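Structure, as structure tokens:
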Amino acid sequence: MSVLIRGAVLACLLAGCARIAEPPGGPPDSNPPRLLGTLPDSITVLPGFRSDAEFRFDEVVSEGAAPNFGLGSGDLERLIILSPSPNVPRVSWKRRRITVRPREGWQPNRTYRIELLPGLVDLRNNRSQNGEVITFTTGSPVPERYLEGRVVDWTTARGQALGLVVATLLPDSLEYRTLADSTGRFRFGPLPDGEYLVAGAIDQNRNSRLDARESFDTTRVAIGRDSVGEIWAFRHDTVPARIQTIAKHDSLAVIVTFTQQLNPYQRLPSSAGRVRLLPDSTDLGVDSILPRALYDSAYGPRAPVDTTPPSDSVRVADSLARVRADSVARADSVLRAREAARRRARGIEEPRPPEPPLTTKPPLDDKLIIRVREPLRAGARYVVEIDGVENVSRVAGRAVLGFQVPDDPKPAVDTSAADSARAPSDSLPPDSLPVRPDTAGLTRGTWSAGAAQQSPSPRAPRAPHESVTAAVRPATPPRPR
Numbered sequence: 263m264s265v266l267i268r269g270a271v272l273a274c275l276l277a278g279c280a281r282i283a284e285p286p287g288g289p290p291d292s293n294p295p296r297l298l299g300t301l302p303d304s305i306t307v308l309p310g311f312r313s314d315a316e317f318r319f320d321e322v323v324s325e326g327a328a329p330n331f332g333l334g335s336g337d338l339e340r341l342i343i344l345s346p347s348p349n350v351p352r353v354s355w356k357r358r359r360i361t362v363r364p365r366e367g368w369q370p371n372r373t374y375r376i377e378l379l380p381g382l383v384d385l386r387n388n389r390s391q392n393g394e395v396i397t398f399t400t401g402s403p404v405p406e407r408y409l410e411g412r413v414v415d416w417t418t419a420r421g422q423a424l425g426l427v428v429a430t431l432l433p434d435s436l437e438y439r440t441l442a443d444s445t446g447r448f449r450f451g452p453l454p455d456g457e458y459l460v461a462g463a464i465d466q467n468r469n470s471r472l473d474a475r476e477s478f479d480t481t482r483v484a485i486g487r488d489s490v491g492e493i494w495a496f497r498h499d500t501v502p503a504r505i506q507t508i509a510k511h512d513s514l515a516v517i518v519t520f521t522q523q524l525n526p527y528q529r530l531p532s533s534a535g536r537v538r539l540l541p542d543s544t545d546l547g548v549d550s551i552l553p554r555a556l557y558d559s560a561y562g563p564r565a566p567v568d569t570t571p572p573s574d575s576v577r578v579a580d581s582l583a584r585v586r587a588d589s590v591a592r593a594d595s596v597l598r599a600r601e602a603a604r605r606r607a608r609g610i611e612e613p614r615p616p617e618p619p620l621t622t623k624p625p626l627d628d629k630l631i632i633r634v635r636e637p638l639r640a641g642a643r644y645v646v647e648i649d650g651v652e653n654v655s656r657v658a659g660r661a662v663l664g665f666q667v668p669d670d671p672k673p674a675v676d677t678s679a680a681d682s683a684r685a686p687s688d689s690l691p692p693d694s695l696p697v698r699p700d701t702a703g704l705t706r707g708t709w710s711a712g713a714a715q716q717s718p719s720p721r722a723p724r725a726p727h728e729s730v731t732a733a734v735r736p737a738t739p740p741r742p743r
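The sequence shown begins at 263 in the numbering used here and counts up by one.
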């Protein structure tokens with residue numbers, strides 16, 4: 263028994279020693295891991311390099327517990343981007359070091375770029391806000407080229423935070439990858455000189471790979487050019503758009519919703535659409551086929567313009583309102599400046615205001631409004647046909663769908679007037695009035711027959727078999743003297 267106990271105690275001690283933890287005591291550590299150096303040094307030429315690349319830190323870093331994509335730690339794999347390797351790299355955790363190696367090994371005469379993203383944590387969960395990049399070659403010349411631009415989500419017309427950037431060197435098809443910042447902007451390098459096909463994508467699964475069904479777009483960058491510009495990412499489809507729903511917009515228009523976003527630059531002629539009345543297929547005639555914004559500007563209601571000159575009292579009120587607004591704006595600016603000074607004194611980063619949507623390209627939409635020449639009939643059935651409509655990928659097709667105009671709602675009948683005409687002046691029914699006993703026949707504690715039938719005395723309850731007449735006593739006549 264003692265042998266078993268000693269074995270159990272030894273196993274517990276070994277398990278406790280295997281756990282990674284800082285010794286107790288001492289001041290609390292609130293500093294994130296700090297990078298001490300890398301192996302190899304950045305911007306070096308190393309022909310025949312065969313070792314692992316390393317990131318060395320001043321303390322033990324956390325390995326994480328997330329599942330991995332390749333052969334190492336999952337949390338660390340998500341923080342490492344190795345280019346131009348097409349495979350997930352081998353990332354290993356070694357307490358104060360992180361080693362990286364491509365799964366296919368280092369290839370000769372190639373420029374490698376290893377990026378450590380921000381987000382590394384230590385054992386006390388202190389998170390690093392900085393990253394690091396190692397760039398070296400295995401025989402090719404030292405690179406000097408940088409590419410900069412911005413990834414934009416075309417659906418929201420705003421910069422895509424942490425957008426994926428893939429620069430493919432042509433004609434070798436070597437892919438160099440990085441992530442944009444919180445505003446969608448990127449600048450990465452150094453890269454080998456040459457012509458690049460740069461793709462900007464919305465990395466939904468955060469695997470630093472351009473996968474199918476993810477929104478993206480590409481642009482070609484010539485030799486010697488560093489500016490990529492804006493890359494507006496959108497969903498690519500190889501099949502044409504179909505009609506999803508049709509609804510009545512007004513008496514002369516229907517709004518057509520498609521299954522995909524449409525080409526915002528396309529303007530369909532009126533001859534491309536047909537609206538026919540069923541069952542005889544009568545053509546209503548089409549006046550226009552426009553996106554919602556253009557339809558509202560062309561046919562929407564317009565606010566009336568007041569041409570009357572303002573009076574003196576109105577001018578004085580407007581000037582006082584402007585003075586009040588200016589004083590409030592000055593007070594708000596003073597308060598904001600004081601709050602910013604307090605934040606800077608405490609070391610708190612000033613929050614950035616949200617950027618407005620970009621207007622470089624028109625917004626995307628999945629709807630078209632068709633205006634016809636004859637009014638739509640309530641309850642009638644129609645069929646809509648549109649030829650040559652293009653999705654945002656410029657794939658054209660023919661879309662057909664039927665719909666029915668809903669019936670006009672019946673007006674509600676006001677029955678208050680009829681009810682008031684039928685009701686008598688005395689609206690209370692006779693039976694609702696309380697019945698009071700007739701006290702006229704009460705003499706010397708006796709009840710009359712009529713009073714007894716309306717309200718029997720509670721002091722003398724009658725038996726169930728006793729009749730009403732038996733319950734009433736006749737009055738005793740006076741005795742003669």
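Built from N, CA and C at the ideal position, the CB exists for glycine as well. For clarity, every value in this text was computed on a predicted model and none was experimentally measured.
Range covered by the alpha helix (DSSP H) that runs through residue i
i	result
residue 336	336 to 339
Endpoints, the beta strand (DSSP E) within which residue i is located
i	result
residue 489	489 to 495
residue 561	Taken as a continuous stretch (DSSP letters only), residue 561 belongs to no beta strand (DSSP E), being part of the alpha helix (DSSP H) at 554 to 561.
residue 478	478 to 483
residue 344	342 to 345
residue 436	436 to 441
residue 355	352 to 356
residue 632	629 to 634
residue 378	373 to 378
residue 395	394 to 399
residue 654	Segment: none, residue 654 is in no beta strand (DSSP E) and carries neither H nor E.
residue 359	359 to 363
Sheet register partners of residue i (DSSP bridge)
i	result
residue 300	317
residue 647	536, 662
residue 448	411
residue 520	505
residue 463	426, 478
residue 515	512, 633
residue 305	Answer by DSSP bridge pairing: none, since residue 305 is not bridged.
residue 389	383
residue 545	538
residue 323	384
residue 421	414
residue 457	432
residue 550	633
Exposure label - residue i; buried when at least 16 CB within 10 Å
i	result
residue 377	buried
residue 523	buried
residue 374	buried
residue 304	exposed
residue 436	buried
residue 507	exposed
residue 389	exposed
residue 414	buried
residue 578	exposed
residue 590	exposed
residue 483	buried
residue 535	buried
residue 327	exposed
residue 671	exposed
Proximity of residue i and residue j at Cβ, strictly below 9 angstroms
i	j	result
residue 502	residue 658	yes
residue 512	residue 495	no
residue 338	residue 325	yes
residue 352	residue 319	no
residue 386	residue 291	yes
residue 528	residue 652	yes
residue 370	residue 309	yes
residue 426	residue 471	yes
residue 452	residue 412	no
residue 518	residue 342	no
residue 520	residue 629	yes
residue 424	residue 465	yes
residue 645	residue 538	yes
residue 462	residue 505	no
residue 650	residue 666	no
residue 368	residue 311	yes
residue 428	residue 383	no
residue 491	residue 617	no
residue 627	residue 554	yes
Proximity test, residue i beta-carbon vs the ligand PLP heavy atom, cut-off 8 angstroms
i	result
residue 291	Looking for the ligand PLP in the displayed structure turns up nothing, as the structure carries no ligands at all.
Integer Cβ distance of residue i from residue j, believed to fall under 8 angstroms
i	j	result
residue 262	residue 419	Within the shown structure, residues of the chain are numbered from 263 to 743, placing residue 262 beyond reach of any answer.
residue 643	residue 540	4 angstroms
residue 362	residue 344	6 angstroms
residue 400	residue 372	5 angstroms
residue 458	residue 430	6 angstroms
residue 307	residue 404	6 angstroms
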